[in-house]
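Peer 1: The opening residue of the sequence shown carries number 1 in the working numbering; numbering runs sequentially from there. Beta carbons: idealized from backbone N, C-alpha and C, even for Gly.
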Amino acid sequence: MYLEEKTTDRDGNIMTRPSEIGIPAKAVIQLLAQSGTSQRRAEQDNEGFEIETAYRMRLPRSFPHVLGAQSRIQWRGEYWAVIGDVHRYSGSARTAHMDYTIRRT
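1) Have a look at G68 and G22 and give me their C-alpha separation to the nearest angstrom.
2) When the Cβ atoms of the region 17-32 are set against those of the region 85-95, are three or more pairs found closer than 8 Å?
3) Please say whether S71 and E5 have beta carbons closer to each other than 7 Å?
4) Give every residue of the same chain whose Cβ lies closer than 6 Å to the Cβ of A27, excluding the five residues on either side of it in the sequence, and list them in chain order.
5) Might you give, ordered along the chain, the residues of its own chain that have their beta carbon closer than 7 Å to the beta carbon of Y126, omitting 5 neighbours on each side?
6) Under 7 Å Cβ to Cβ from H65, same chain only, skipping five residues before and after it: list those, please.
This is the structure:
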């Protein structure tokens, strides 16, 4: 897992990017159900070359970081991008967790 980090370009602008050094983390990753529209679009794409398969990733409650949009995940030898913002479920201490949607880059 490569967390998002801030960097400054040569013009002095602050930008974000995935860090160059990854950290190991355990997660539960499950296939995310797709709507009919995204499923049809996936079928109309160049078959076998482009996919829109999305997964849900849940990190343990003890994970101390919140992933940003520029974070990158390495899973099964491939890189995955975090799509959208974190989904926070703030129920009781036993059920509170954060979910992320990831898609292969």
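Peer 2: Let's see:
1) Indexing the sequence shown from 1 puts residue 68 at position 68. Indexing the sequence shown from 1 puts residue 22 at position 22. Near 14 Å, if we compare the C-alpha coordinates of G22 and G68.
2) no
3) Position 5 of the sequence shown, counted from the first residue, corresponds to residue 5. Position 71 of the sequence shown, counted from the first residue, corresponds to residue 71. No.
4) Taking the sequence shown and counting its residues from 1, the one referred to as residue 27 is at position 27. Closer than 6 Å at Cβ, skipping near neighbours: M57, L59.
5) No statement about residue 126 is possible, as the shown extent of the chain runs from 1 to 105 and does not include it.
6) For the purposes of this step, residue 65 is taken as residue 65 along the sequence shown, with counting starting at 1. Answer for H65: L3, listed in chain order.
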